[in-house]
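Q: Here's a structure for you.
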Amino acid sequence: MKNIVAFLFLFIGVGSVQADCAMSGMDFFPRQKEISLNPMFIVQGYSRSQKTIESFGSRKAYLKDAEGQITELQLVEVLKGRRGVSQALFKVSGTLLPDRRYTLHFEGETEAEAAEMQRNDPSTGKRERVYWQTGTASEQPAPDPATKITYVSNKWQVFGCGDAANAVFKSKAGGKNEIWYKAELVENKTGEKTVFYIPSEEGKLWVGFDMCGGPFSYARKGTYKVRFTPTSIDGKQGPITQWMTFKSPYETEKAFGG
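Numbering (mature numbering (1 follows the signal peptide of the UniProt record, and there is no 0)), first residue to last: -19 to -1, 1 to 239.
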């Protein structure tokens, strides 16, 4: 969750936390550059960029290698968060070629979308379109079945231009490959359910929202339950955790941000 604020502020520049949040932005998973020959992808849109996510029901996304060969991405599902963020999950339509660099493209993409797919490449110091590099492995291993996820605490922080409310969990997963966590949050009183894939941030899972938005939201009082499904970047799923129950983060003593 914490990555959302950091990402959005890239579009704002350095300044006070009272600055406005970005009007749009996209993020892309996996974050690691090396992928297998049969990967999955997540495209995540914030604020106005949610329109891009919603458009994938009627237009294509695809990968292109250096020789111009195109591999279409098949839409698996679109998940809509509670506070200004949505994501689209894709799988490849066919096996990728080994040792190839693939860039991401959208059918009929706009200039704004093309700009949002630019990233700083640390190896070159230049801004480049988001890409991934295949190795030779046909698939990544499934998540470690011994992965442990435990509740840590609730956090409610108040800033000059908004607040952040999260339930924080600790994840201890083996292996070096990136893992996504399918989080299913249910409000016990209403039965209302929200599903979203979230990354681990330094071994922690943030279930909630930050100052500029997020997948989950909470009532001022009440109890919630959540469970997680560790998922590899190829879409292989590990064991689903048991439901874990906790109070709304708003019932935690608030802390004031900088």
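Here a beta-carbon is modelled for each residue, glycine too, at the ideal position from N, C-alpha and C.
Using CA atoms only, rank isn't needed, just tell me which of Glu92, Trp161, Thr117 and Met98 is closest to Pro124.
A: Residue mapping note: residue 124 aligns to position 143 of the sequence shown, counting from 1. Considering only alpha carbons, the answer is Trp161.
Q: With H, G and I counted as helix, E and B as strand and the rest as coil, what does DSSP make of Gln138?
A: Along the sequence shown, one-based indexing puts residue 138 at 157. Reduced to three states, the DSSP call for Gln138 is strand.
Q: Under a Cβ-count criterion, where at least 16 other Cβ atoms within 10 Å of its own Cβ denotes burial, should Gly189 be classed as buried or exposed?
A: Taking the sequence shown and counting its residues from 1, the one referred to as residue 189 is at position 208. With 16 or more Cβ atoms within 10 Å of its Cβ, Gly189 is classed as buried.
Q: Am I right that Lys151 and Gly184 are in contact with their C-beta atoms under 8 Å? What's the rounded C-beta distance?
A: Within the sequence shown, residue 151 is the residue found at index 170, counting from 1. Within the sequence shown, residue 184 is the residue found at index 203, counting from 1. 6 Å between Cβ atoms; contact.
Q: Looking at Thr210 and Gln218, is the spacing between their C-beta atoms short of 8 Å?
A: Here residue 218 refers to the residue found at position 237 of the sequence shown. Here residue 210 refers to the residue found at position 229 of the sequence shown. The answer is yes: Cβ separation under 8 Å.
Q: Within 10 angstroms of the Cβ of Pro20, are there 16 or more other Cβ atoms? Answer buried if so, exposed if not.
A: Within the sequence shown, numbered from 1, the residue matching residue 20 stands at position 39. It counts as buried.
Q: What number of angstroms, rounded off, separates the C-alpha of Lys208 from the C-alpha of Ser67?
A: Locating residue 208 in the sequence shown gives position 227, where the first residue counts as 1. Locating residue 67 in the sequence shown gives position 86, where the first residue counts as 1. According to the sequence as given, residue 208 is Arg; it is not Lys. Cα-Cα distance, rounded: 20 Å.
Q: Could you check whether the segment 113 to 120 touches the segment 76 to 85, counting it as contact only if at least three pairs of C-beta atoms, one from each stretch, sit closer than 8 Å?
A: yes
Q: Could you name the residues of the same chain whose beta carbon sits closer than 7 Å to that of Val(-15), not counting the 5 residues immediately before and after it, in chain order?
A: Residue numbering aside, residue -15 sits at position 5 when the sequence shown is read from its first letter. Confidence in Val(-15) is poor, its pLDDT being 42 and thus under 50, which makes the residue's placement unreliable; the coordinate value appears in the next sentence. Leaving aside the five residues that flank Val(-15) on each side, the residues in its chain whose CB is nearer than 7 Å to its CB run, in chain order, Asp191, Met192 and Cys193.
Q: I'd like to know if the segment 11 to 31 and the segment 60 to 76 are in contact, where contact means that at least 3 CB-CB pairs between them fall below 8 Å.
A: yes
Q: Does DSSP classify Pro124 as helix, strand or coil?
A: As a position in the sequence shown, residue 124 is number 143, starting the count at 1. Coil at Pro124, not helix or strand.
Q: Please report the Cβ distance between Val176 and Leu18, rounded to the nearest whole angstrom; I am assuming they are in contact, meaning their Cβ atoms lie under 8 Å.
A: If you number the sequence shown from 1, residue 176 lands on position 195. If you number the sequence shown from 1, residue 18 lands on position 37. For Val176 against Leu18, the beta-carbon gap comes to about 28 Å, at or over 8 Å, which does not count as contact.
Q: How about residue 264 and Leu44: do their beta carbons lie closer than 8 Å?
A: As displayed, the chain neither begins before -19 nor continues past 239, which places residue 264 out of reach and without an answer.
Q: Whole-angstrom Cβ separation of Ala146 and Tyr205, contact assumed at under 8 Å?
A: What you label residue 146 is simply residue 165 of the sequence shown in a count that begins at 1. What you label residue 205 is simply residue 224 of the sequence shown in a count that begins at 1. Incorrect: roughly 11 Å between the Cβ atoms, too far for contact.
Q: Mark Gly6 as exposed unless 16 or more other C-beta atoms lie within 10 angstroms of its C-beta, in which case mark it buried.
A: Translated into the one-based positions of the sequence shown, residue 6 becomes position 25. By the neighbour-count criterion, in which 16 or more other beta carbons inside 10 Å mark a residue as buried, Gly6 falls on the buried side.
Q: Under a three-way DSSP split, which group does Tyr199 fall into?
A: As a first step, residue 199 is located in the sequence shown; it is residue number 218 there, counting from the start. Of the three classes helix, strand and coil, the one that applies to Tyr199 here is coil, per DSSP.
Q: Buried or exposed, going by whether 16 or more other CB atoms sit within 10 Å of the CB of Cys2?
A: For the purposes of this step, residue 2 is taken as residue 21 along the sequence shown, with counting starting at 1. Its Cβ being crowded by 16 or more others within 10 Å, Cys2 is buried.
Q: Is the distance from the Cβ of Val149 to the Cβ of Val133 below 8 Å?
A: Looking up residue 149 in the sequence shown gives position 168. Looking up residue 133 in the sequence shown gives position 152. Contact: yes.
Q: Do you know whose CA, among Phe227, Ala127, Gly49 and Ala96, lies nearest Ser30's CA?
A: Position 49 of the sequence shown holds residue 30. Shortest Cα-Cα distance from Ser30 to any of Phe227, Ala127, Gly49 and Ala96 involves Ala96.
Q: Using DSSP bridges, identify the partner residues of Tyr132.
A: Here residue 132 refers to the residue found at position 151 when the sequence shown is read from its first residue. Per DSSP, Phe150.
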